[in-house]
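J.: The listed protein sequences correspond, in order, to chains A and B.
Straight run, no breaks: the first sequence in our numbering ends on number 375.
Straight run, no breaks: the second sequence in our numbering ends on number 1375.
One structure, pasted below without further comment.
Protein chains: 2
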Amino acid sequence: MPSERDNIRSLHAYVPGEQPTAAQTAAGAVIKLNTNENAYPPAPAVMDAVRGVSAEALRLYPSANAAPFRSAAADLHAVSPQQVIATNGGDELLRLLVTVYCQPSGQGAAGGLGMTDPSYTLYAVLAGIHDTPVTWVTRGDDAQGGFPLPADYAQQLNAAGCRLAFLVNPHAPSGTLENTDTLRTLAQGFEGVLVIDEAYADFGPEGESPGMQLIREGQDNVVVLRSLSKGYALAGLRFGYGVASTTVIAALDKARDSYNLDALAQAAATAALGDQDYARGRWAQTRAQRTRLSDALRERGFQIPDSHTNFVLARVPQGGPAAADYYQSLKAKGILIRYFDTPRLADRLRITVGTAEQNDALLAAIDGAAEGARC
Amino acid sequence: MPSERDNIRSLHAYVPGEQPTAAQTAAGAVIKLNTNENAYPPAPAVMDAVRGVSAEALRLYPSANAAPFRSAAADLHAVSPQQVIATNGGDELLRLLVTVYCQPSGQGAAGGLGMTDPSYTLYAVLAGIHDTPVTWVTRGDDAQGGFPLPADYAQQLNAAGCRLAFLVNPHAPSGTLENTDTLRTLAQGFEGVLVIDEAYADFGPEGESPGMQLIREGQDNVVVLRSLSKGYALAGLRFGYGVASTTVIAALDKARDSYNLDALAQAAATAALGDQDYARGRWAQTRAQRTRLSDALRERGFQIPDSHTNFVLARVPQGGPAAADYYQSLKAKGILIRYFDTPRLADRLRITVGTAEQNDALLAAIDGAAEGARC
């Protein structure tokens, strides 16, 4: 029998952050600040919506194109429902974009998928599955520990022949935000489709996000990705959506699995968007805790670029424990944070903003690790 | 900006069966026998499981690989959990198989995906999205209105250079069943990966299905697809799974979206498999109604191959209304059935087996349509 295609065999699958065992979670033994879940629960209306789904609704096929959700999202962003596609997590939208716009190797793939380094590493995995090349554009280093976007990103993508490029904004894993003017210049200069991954945008400044502003301006080569995993505290639900021109959405829709979202998820997601007051209150709490956590870590000598997300990327102080040692020390105390063993990130820790109590415990554990190293 | 790839632009997307509006459903105004949903509700344990999912479980990422469900499915079929992959409907599994085993055009695609005609038309759509060719193998015609599988299916696939082939068994849209000996010969003769789509197998003869028997025998180029949409009355849930060798499952797993199944669906699906007594009772009811419906239609002159599914394919009697006319007449009375306007199916109706009351209404409407045509 044939084996899998060469690109699949050589693929290093995406490695999600570790999850505590069910027993650990049940015992409350773990403080989980490693995969950027929202620190607060989803809105009560979400649970009501889930419990309101009938057995009859599960027996029948769901709305094939998530019509009620798309209508709610369209109202929220002042676009038409035909400008919205709902997907099984933001990850499905990313996959659809690669499928629809990138040629596989051997078909004139040219530059394939454009992305920056560092960035969300799943992007490159999706390119690998599709067997399209990746054009990496290296970000700079600034005095705050951030990774500024090169001013000639569009030109580098065009020179490589990329038909599609991803830009996560606010940036992961640093949390920094590019403004609307920068993105407009980028979108106007890039000859391909620019995907602005706004998975964390809900935690950014209040008001319409830079990506949504470009959509409203009619920038027709821009796709904005949103996720309910972070802002709406629904990582367990797998629900994301894309907003773009009707032409782009229609093309993506053809590559979508015919019934990609179940009836429960559709009901829950629609209810989540429906309670904006609840969501906004939680985003404000997250911003306040982010400021407090950033300040406290900076006082301890950590270098942190200004975050507009629900996490911070903290470079450890020189002369103290290495980042990997902090990670291990905290893990031993039941506190999970993220450590990336890659060249540009190996001296940093990515820490999800928790509740006030979780952040207290985190800071105490960091102090303990630093203290222990001095003994 | 670039447009979508040529294969996407030229694609005719899969057309699901029509769904009544929410208002029609709420008013009970429609008898829906067109998309092969189970006539009976899901098990009460499923609804309990859904209502037992906490807000905290939705806040956190779900099990990335649906570990509890895979364990339950492995127990049910007496295989190991590493032989099971859980997917967002059976459709996701089909897509993963095409992604992992079929080369796109320009990369030595050769015969691409092998399939029979007629068959589940989504298969060819998935090949089109992946831009791999389709090798069509034409089924025969028998005296009962069935479409017998050619004895040289494996040889035709090998001659075309197919690395992957799909076979739906029981067959859609005819409902007929190939036995284990036939499938073993096919699997042993085919040089590629043979996918036996058992979406409807729960309604077949009691006991282990032909595909599962081959898995148990260690036939390592066989993948069996199962769905909870039909047998477990959970079309609204989007949950399917594949069973194969650990090698094949590991390859498929690399191409899967990293969190492809939400916490609610995982809980519901695990509960559904857990109540086999309930499921078996409903399958027996469906078989009884299928026999009754088939007999009643044959008495009226319809030709129906023996079905092992929850639908029948009925060729209309000569001299009466055309199939398209029956379809329209029933639709006008609020009864939805499926009509395929394609050369080999245009004289037939595909009718989902309903409850006793629904089947009564269907038969009365068919009599009315035939009577009306004679007036």
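Where is the CB? At the ideal position from N, CA and C, for every residue including glycine.
Keep in mind it's a predicted model, so treat the numbers as computed, not measured.
Leaving out five residues on either side along the sequence, give the residues of the same chain with a beta carbon under 6 angstroms from the beta carbon of T116 of chain A.
T.: Here the set comprises V137, R139.
J.: From the beta carbon of V1030 of chain B, is the nearest beta carbon of chain A less than 8 angstroms away?
T.: No, V1030 of chain B lies away from the interface with chain A (no Cβ there is under 8 angstroms from its Cβ).
J.: Along the chain, where does the beta strand (DSSP E) that runs through R348 of chain A open and close?
T.: Unbroken beta strand (DSSP E) run through R348 of chain A: 348-352.
J.: Which one of B:Q1276, B:A1288, B:L1345 has the shortest CA to CA distance from D1075 of chain B?
T.: Ranking the options by Cα distance to D1075 of chain B, first place goes to B:Q1276.
J.: Against chain A, with Cβ distances strictly below 8 angstroms, would L1183 of chain B count as a contact?
T.: Not one chain A Cβ lies under 8 angstroms of L1183 of chain B.
J.: For the stretch 258-279 of chain A, which residues have a beta carbon sitting closer than 8 angstroms to at least one beta carbon of chain B?
T.: Within the stretch 258-279 of chain A, the residues whose Cβ lies closer than 8 angstroms to some Cβ of chain B are S258, Y259, N260, L261, D262, A263, L264, A265, A268, listed in chain order.
J.: To the nearest angstrom, how far is it from the Cα of T99 of chain A to the Cα of S229 of chain A?
T.: So the alpha carbons of these two residues sit roughly 23 angstroms apart.
J.: A271 of chain A: buried (16+ other C-beta within 10 angstroms of its C-beta) or exposed?
T.: Buried, by the Cβ-count rule.
J.: Starting from M1001 of chain B, find everything on chain A with Cβ-Cβ shorter than 8 angstroms and list it in chain order.
T.: Under the 8 angstroms cutoff, chain A gives E191, G192, V193, D220, N221.
J.: State yes or no: is the beta carbon of I85 of chain A nearer than 8 angstroms to at least one beta carbon in chain B?
T.: False, the Cβ-Cβ gap to chain B never drops below 8 angstroms.
J.: Report the rounded CA-to-CA distance for A172 of chain A versus H1171 of chain B, giving the unit in angstroms.
T.: Roughly 48 angstroms between the two C-alpha positions.
J.: Does DSSP put Y1339 of chain B in a helix, a strand or coil?
T.: Correct three-state label for Y1339 of chain B: coil.
J.: For G111 of chain A, tell me which candidate among A:S119, A:A154, A:L149 has the shortest Cα-Cα distance.
T.: Comparing Cα-Cα distances from G111 of chain A to each of A:S119, A:A154, A:L149, the minimum goes to A:A154.
J.: Based on the DSSP secondary-structure assignment, which residues constitute the bridge partners of R1315 of chain B?
T.: Answer by DSSP bridge pairing, in chain order: B:Q1303, B:R1348.
J.: What in chain B is Cβ-close to N158 of chain A, meaning under 8 angstroms?
T.: Here the premise fails: no neighbours, minimum Cβ distance about 12 angstroms.
J.: Using a Cβ-Cβ cut-off of 8 angstroms, state whether N359 of chain A counts as contacting chain B.
T.: Chain B contact via Cβ: absent.
J.: DSSP beta-bridge partners for Y241 of chain A?
T.: In the DSSP output, where bridge partners are listed per residue, Y241 of chain A has A:A86, A:R226.
J.: What is the C-beta distance between G368 of chain A and L362 of chain A, in whole angstroms, given that I count them as a contact (C-beta under 8 angstroms)?
T.: No, G368 of chain A and L362 of chain A are not in contact; Cβ-Cβ is about 11 angstroms, not under 8 angstroms.
J.: With a Cβ-Cβ cutoff of 8 angstroms, do N260 of chain A and P210 of chain A count as a contact?
T.: No, they are not a contact pair.
J.: Please classify Q266 of chain A as buried or exposed, where buried requires at least 16 neighbouring CB atoms within 10 angstroms.
T.: Buried, because 16 or more other Cβ atoms sit within 10 Å of the Cβ of Q266 of chain A.
J.: For a contact defined as C-beta to C-beta under 9 angstroms, what are the partners of G146 of chain A on chain B?
T.: Those do not exist, as G146 of chain A stays about 27 angstroms from chain B at its closest Cβ, beyond 9 angstroms.
J.: When DSSP labels each residue in this structure, what does D1275 of chain B get in the three-state scheme?
T.: Three-state DSSP puts D1275 of chain B in coil, outside helix and strand.
J.: Just to make sure I have the definition right: I need the residues of chain E whose C-beta is within less than 9 angstroms of the C-beta of T309 of chain A. Which are they?
T.: The displayed structure is made up of protein chains A and B, and chain E is not among them.
J.: When the Cα of F69 of chain A is compared with those of A:F166, A:G114, A:Y241, which residue comes out closest?
T.: The candidate whose alpha carbon is nearest that of F69 of chain A is A:Y241.
J.: So is P1173 of chain B in contact with chain A if we call contact Cβ pairs under 8 angstroms?
T.: Closer than 8 angstroms: no.
J.: Quick one: complete beta strand (DSSP E) runs, 3+ long, within the stretch 85-152 of chain A?
T.: With a minimum length of 3 residues, the continuous beta strand (DSSP E) runs that stay inside the stretch 85-152 of chain A are 113-117, 134-138.
J.: Whole angstroms is fine: what's the gap from D1183 of chain B's alpha carbon to S3 of chain A's?
T.: The question names Asp, but residue 1183 of chain B is Leu in the sequence shown. Between L1183 of chain B and S3 of chain A, the C-alpha separation is close to 21 angstroms.
J.: Within the 8 angstroms Cβ cut-off, does S294 of chain A reach chain B?
T.: No, no contact with chain B.
J.: Taking all protein chains shown into account, decide if V1134 of chain B is buried (16 or more other Cβ within 10 angstroms of its Cβ) or exposed.
T.: Classification of V1134 of chain B: buried, given that the 10 Å Cβ count is 16 or more.
J.: What does A57 of chain A touch in chain B if you count any residue whose Cβ is under 7 angstroms from its own?
T.: Those are G1236, listed as they occur along chain B.
J.: How should A1314 of chain B be labelled, buried or exposed, when 16 other C-beta atoms within 10 angstroms of its C-beta is the threshold for buried?
T.: Counting Cβ neighbours within 10 Å, A1314 of chain B comes out buried, since at least 16 surround it.
J.: In whole angstroms, what is the alpha-carbon distance linking T352 of chain A and A1165 of chain B?
T.: If I take the Cα positions, the gap works out to 45 angstroms.
J.: On a Cα-Cα basis, can you pick out the residue from A:V53, A:R9, A:N36 that is closest to E18 of chain A?
T.: The option with the nearest alpha carbon to E18 of chain A is A:N36.
J.: P81 of chain A: which of A:A244, A:L330, A:D295, A:A323 sits nearest, CA to CA?
T.: Cα-wise, what sits closest to P81 of chain A is A:A244.
J.: Per DSSP, which one or two residues make a beta bridge with F1069 of chain B?
T.: Answer is none; F1069 of chain B lacks a bridge partner.
J.: Figure out for me which residue from A:G175, A:S174, A:G189 has the closest Cα to the Cα of D181 of chain A.
T.: Among A:G175, A:S174, A:G189, the Cα nearest to that of D181 of chain A belongs to A:G189.
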